[in-house]
Structures are given as structure tokens and as C-alpha cells.
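S.K.: One structure coming up, written as C-alpha cells, with questions to follow.
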Amino acid sequence: MSFRKHIPLVLWGAFLFIGCQKDPEVPYQLAVPEWFPDMEIPSDNELTQARIDLGRKLFYEPLLSLDSSISCGSCHLQEKAFTDGLPISIGVEGADGLRNAPTLANIGLAPYFFHDGGVQTLELQSQQPIFSVEEMRFSIAGFLDRIENDAEYKNMFMEAYGRAPDAFGISRAIASFERTLISGNSRFDQYEYQGESDVFSDAEKRGRDLFFSDQTKCSTCHYPPLFTNYEFENVGLYQNYADSGRARISHLSGDNGKFKVPTLRNIELTAPYMHNGSLQSLEAVVDHFNSGGVAHPNQSESVVPLQLTEQQKADLVAFLKTLTDITFITEQDISDPN
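This is how it looks when you write it as C-alpha cells:
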């Protein structure tokens, strides 16, 4: 099974993640790798440099939280592929969050958001952590009061949306910035789509073949290029789930314990794993799927005992690490501007 297009590496410049236009009023040309699907941008929130700059500032703004202690970037650290390294994220005043912070890599290509898919647009998603009692526990009105006399914010909102600071601009600006969080320059991309066959070791090649094999069926749910099918699956972690997952939204018993299939891009950097951070390492994840899960009534048909050897498990882990994108975690245009 091959997805390779033999694109010369010299052409990678054509697919750089951040557009070259810097004029704040000119439509922003968001560049994505050509092997990715097109990103749909809402007609009322077309990308411009001014909107992205404002969204970046807001993404890293602790004034959006009750005690001014955390920002969106507190739970989504660039060096961890925009996760936080914790089993469950921590909110203001040490409040326990609900779930493990998911990566924001390629979030602009997702059809819905959060582990349970409870929000349908990125503009709505960007507001939820502000209101959540487990996260920022604040309000848009409270934040607007804090920046009432901030000339920089006033100018940035006017330049981005032609209006004073308000909820409309906040939600749309953060969503605009998040759409620039594109990750598609891993060694896997170089190997599969750019024809760089020398970037994989023998173990990584074996792991790649195993990942796409009928034996493991890993790619059934984690299909490239995004390494997720965005479906909801129960992977047999528990017989009794403390968090019902998708069932919290659908109220269907058949959705109990189902969560959105996560992307595997940058998976090496986003431990711990699962919706509750219960698996600490990639080795533990592979062991879980090799075991076939606990046979929950809603468990995915794809989660069955795999009977992998120790070498095969090691090869799978080696392959998963080829999905790490160093460009993504070092790109200055998406880092904290402060």
C-alpha cells in the first residue's frame, strides 16, 4: 500500500505552512501540503494577516482567564505539538479538567471538535475554554472590561474586523490563528509524498508496512494524510467508563465509551494518551491494542488481539515516531509572541 507521489524535496518551499503575504488587509493564502485535503474557511471569517495576528495574541493571552493565570497556550504548548503533557489538563486555581488536552495540529481540517465532537465549528470551539469552570472560568464581557483602555487591542480588532473588541472578533480571530496550525512535514511525509526513501530505517519501514497491514488494521481508523477518520470509537479501555464520551452528546447507550479517533501526527510528543491520559507511553498504547481491549459491548470491531511479537511492537513504535514534525514545533510564526 503506497501513498507516495515522488514530489522533489526542493519543491517543499511551495508547501510552507505559513503564507508569504504580510499585508494585513490582503486575503491570507494559507498554504498546505498538496497531499492534504482543502481547508474550508467560513465566508464570514476569511483569513487575513491581521486576523491571524490578533488570534495569535489572544491565544496566548492569560487575561482571558479568571485569575489571569492561564491562556489557551497553557494547555496547548507548541513544543508538545500543542498539548500539555498532563493526563488531565489543569484550569484556573488548580481546577481539575475533564479530559486530556488534544493536539491542535491540523485542527482547521477537523469536522467537529473536542473528544466527544460536541462543537461543530472552530469559531464556537474557541470560546468554550473561556466559559468552562474546569478551564478558564471567565467571560467575554469580563475580558472586554480588562482591555477597555488597551489601545493595541483596539487597533488590532479594528484592523482585523473593522469593529471594536467584542465576542465576534475574539472567537473568529482565535479560530483564524488555529487554522494556521498545520503539520505536514514529518519524515513520513518526506518518505511517502516526496520520495525520500533514505529517511526511514529498516525498523521504521517494517513498522510502516505493519501499520498498513491487514494484521493490525491501524490505518482503518488512522488513515493518512491526517491519520484519523474523525469517527467515534470505543477502543476497549474499560468495562465501565467514568466518562461516557460521545454518549454525553448523543444520549445513546451505543455511544458509551466512544471518543473521536485522534490524529497520530506528532504522537511521539503528545503523551500521555487516550481521552483521560491513562496510557503513559507509545509502548503502552501498542500493548493495549495488541491485547485486544476488554471486550466492551461498544468496542470497535477493529480492536482485536493482534498477537504481535516484541520486534513487531518495537517496529510499530519506531514508525509512529516518523510522524513527528520538527518544523511544526519550532515555527516562530505560531509561537507565543510575548
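All residue numbers for the sequence shown refer to my numbering, where the first residue is 121 and numbers rise by one.
Just so you know, even glycine gets a beta-carbon here, dropped at the ideal spot from N, CA and C.
1) If you measure between the beta carbons of asparagine 354 and tyrosine 180, is that distance less than 8 Å?
2) In angstroms, rounded to a whole number, what distance separates the CA positions of isoleucine 161 and glutamine 431?
3) List the DSSP bridge partners of proline 207.
4) Could you pull the start and end residues of the alpha helix (DSSP H) that glutamine 169 belongs to?
5) Check the C-beta distance from phenylalanine 297 over to arginine 176 and give it rounded, since I have them as a contact under 8 Å.
6) Helix, strand or coil for proline 147? Go by DSSP, reduced to three states.
7) By a C-beta neighbour count over all protein chains shown, 10 Å radius and 16 as the cutoff for buried, is cysteine 235 buried or exposed?
8) Could you name the residues of the same chain whose beta carbon sits closer than 7 Å to that of proline 231, not counting the 5 residues immediately before and after it, in chain order?
9) Would you tell me roughly how many angstroms separate the C-alpha atoms of valine 406 and lysine 274, rounded to the nearest one?
10) According to the Cβ coordinates, are alanine 280 and leucine 183 closer than 8 Å?
11) If the criterion is Cβ atoms closer than 8 Å, does the pair lysine 200 and leucine 402 meet it?
12) Determine whether the beta carbon atoms of leucine 440 and isoleucine 387 lie at a separation below 8 Å.
13) Rounded to whole angstroms, what is the Cα-Cα separation between threonine 429 and leucine 436?
14) Could you compute how far the alpha carbon of leucine 330 sits from the alpha carbon of phenylalanine 409?
15) Does DSSP put leucine 136 in a helix, in a strand, or in coil?
16) Near arginine 171, which residues of its chain fall below 6 Å by C-beta distance, leaving aside the five closest residues on each side in sequence?
17) Do glycine 374 and glycine 413 have their C-beta atoms closer together than 8 Å?
18) Please report how far the alpha carbon of valine 102 lies from the alpha carbon of tyrosine 311, in whole angstroms.
19) Check whether the segment 250 to 268 touches the segment 203 to 221, taking contact to mean three or more Cβ pairs, one atom from each stretch, closer than 8 Å.
20) Kindly indicate which residue of Gly304, Gln198, Ser185 has the alpha-carbon position closest to the one of alanine 221.
21) Please state whether DSSP places phenylalanine 379 in a helix, a strand or coil.
22) Could you give the first and the last residue of the continuous alpha helix (DSSP H) run that contains glycine 262?
23) DSSP three-state label for glutamine 335, please.
24) Express the C-alpha separation of isoleucine 267 and leucine 399 in angstroms, rounding to a whole number.
25) Report the residue from Phe332, Ala261, Gly365 whose alpha carbon sits nearest the alpha carbon of phenylalanine 379.
26) Using alpha carbons as the reference points, say which of Asp164, Leu167, Gly211, Leu178 lies closest to aspartate 187.
27) Determine the DSSP secondary structure at glycine 214, reduced to helix, strand or coil.
28) Quick check on the burial criterion: 16 or more other C-beta atoms within 10 angstroms. Buried or exposed for arginine 283?
29) Within 10 angstroms of the Cβ of glutamate 421, are there 16 or more other Cβ atoms? Answer buried if so, exposed if not.
30) In chain order, what residues of the same chain lie with their CB nearer than 6 Å to the CB of arginine 307, ignoring the 5 residues before and after it?
M.R.: Let me lay it out:
1) Mapped onto the sequence shown, residue 354 falls at position 234. Mapped onto the sequence shown, residue 180 falls at position 60. Asparagine 354 is not a Cβ neighbour of tyrosine 180, given a cutoff of 8 Å.
2) Locating residue 161 in the sequence shown gives position 41, where the first residue counts as 1. Locating residue 431 in the sequence shown gives position 311, where the first residue counts as 1. Answer to the nearest angstrom: the Cα atoms are 44 Å apart.
3) Working through the sequence shown from its first residue, we reach residue 207 at position 87. The partner list for proline 207 (beta bridge, DSSP) is empty, contrary to what the question assumes.
4) For the purposes of this step, residue 169 is identified with residue 49 of the sequence shown, where counting begins at 1. Residues 169 to 179.
5) On the sequence shown, position 177 is the one that residue 297 refers to. On the sequence shown, position 56 is the one that residue 176 refers to. For a cut-off of 8 Å, the C-beta gap from phenylalanine 297 to arginine 176 is around 5 Å, short enough to register as a contact.
6) Numbered from its first residue, the sequence shown carries residue 147 at position 27. DSSP, read as helix, strand or coil, puts proline 147 in strand.
7) The count along the sequence shown starts at 1 and reaches residue 235 at position 115. First, the residue type needs correcting, since residue 235 is histidine and not cysteine in the sequence shown. Classified as buried, histidine 235 has 16 or more neighbouring CB atoms from the shown chains inside 10 Å of its CB.
8) Position 111 of the sequence shown, counting from 1, holds the residue named residue 231. Once the five neighbours on either side are set aside, the close Cβ partners of proline 231 are Tyr350.
9) To locate residue 406, count along the sequence shown from 1; it is residue 286. To locate residue 274, count along the sequence shown from 1; it is residue 154. Rounded to whole angstroms, valine 406 to lysine 274 spans 50 Å at the Cα level.
10) Mapped onto the sequence shown, residue 280 falls at position 160. Mapped onto the sequence shown, residue 183 falls at position 63. Taking 8 Å as the Cβ cut-off, alanine 280 and leucine 183 do not qualify as a contacting pair.
11) Numbered from 1 along the sequence shown, position 80 holds the residue referred to as residue 200. Numbered from 1 along the sequence shown, position 282 holds the residue referred to as residue 402. At the C-beta level, lysine 200 and leucine 402 stay beyond 8 Å of one another.
12) The residue labelled residue 440 in the question sits at position 320 within the sequence shown. The residue labelled residue 387 in the question sits at position 267 within the sequence shown. Isoleucine 387 sits close to leucine 440, with the two beta carbons spaced by under 8 Å.
13) In the sequence shown, residue 429 corresponds to position 309, counting from 1. In the sequence shown, residue 436 corresponds to position 316, counting from 1. Near 11 Å, if we compare the C-alpha coordinates of leucine 436 and threonine 429.
14) Mapped onto the sequence shown, residue 330 falls at position 210. Mapped onto the sequence shown, residue 409 falls at position 289. One Cα belongs to leucine 330, the other to phenylalanine 409, and the distance between them is close to 13 Å.
15) For the purposes of this step, residue 136 is taken as residue 16 along the sequence shown, with counting starting at 1. Annotation note: pLDDT 41 at leucine 136 (below 50); position unreliable, coordinate value reported separately. Leucine 136: coil per DSSP, three-state reduction.
16) In the sequence shown, counting from the first residue as 1, residue 171 sits at position 51. The answer, listed in chain order, is Ala280, Ala293, Ser296.
17) As a working note, residue 374 is residue 254 in the sequence shown. As a working note, residue 413 is residue 293 in the sequence shown. It is not a contact, given that the beta carbons lie outside the stated cut-off.
18) Residue 102 falls outside the range modelled here, since the chain spans only 121 to 458, and no answer is possible.
19) Flag = yes, the segment 250 to 268 and the segment 203 to 221 touch.
20) Here residue 221 is taken as the residue at index 101 of the sequence shown, counted from 1. Of the listed residues, the one whose Cα sits closest to alanine 221 is Gln198.
21) Walking along the sequence shown from the start, residue 379 turns up at place 259. Of the three classes helix, strand and coil, the one that applies to phenylalanine 379 here is strand, per DSSP.
22) Indexing the sequence shown from 1 puts residue 262 at position 142. 260 to 266 is the span of the alpha helix (DSSP H), which, as asked, contains glycine 262.
23) The residue given as residue 335 occupies position 215 in the sequence shown. Coil, per DSSP.
24) Within the sequence shown, numbered from 1, the residue matching residue 399 stands at position 279. Within the sequence shown, numbered from 1, the residue matching residue 267 stands at position 147. Spanning the two alpha carbons is a distance of roughly 41 Å.
25) The count along the sequence shown starts at 1 and reaches residue 379 at position 259. For the residues Phe332, Ala261, Gly365, the minimum Cα distance to phenylalanine 379 belongs to Gly365.
26) For the purposes of this step, residue 187 is taken as residue 67 along the sequence shown, with counting starting at 1. Closest by alpha carbon: Gly211.
27) By one-based count along the sequence shown, residue 214 stands at place 94. Note: glycine 214 maps to helix in three-state DSSP.
28) Indexing the sequence shown from 1 puts residue 283 at position 163. With fewer than 16 other Cβ atoms within 10 Å, it is exposed.
29) In the sequence shown, residue 421 corresponds to position 301, counting from 1. The residue in question, glutamate 421, is exposed, as its Cβ has fewer than 16 Cβ neighbours within 10 Å.
30) By one-based count along the sequence shown, residue 307 stands at place 187. Excluding sequence neighbours, arginine 307 sits near Val319, Thr442.
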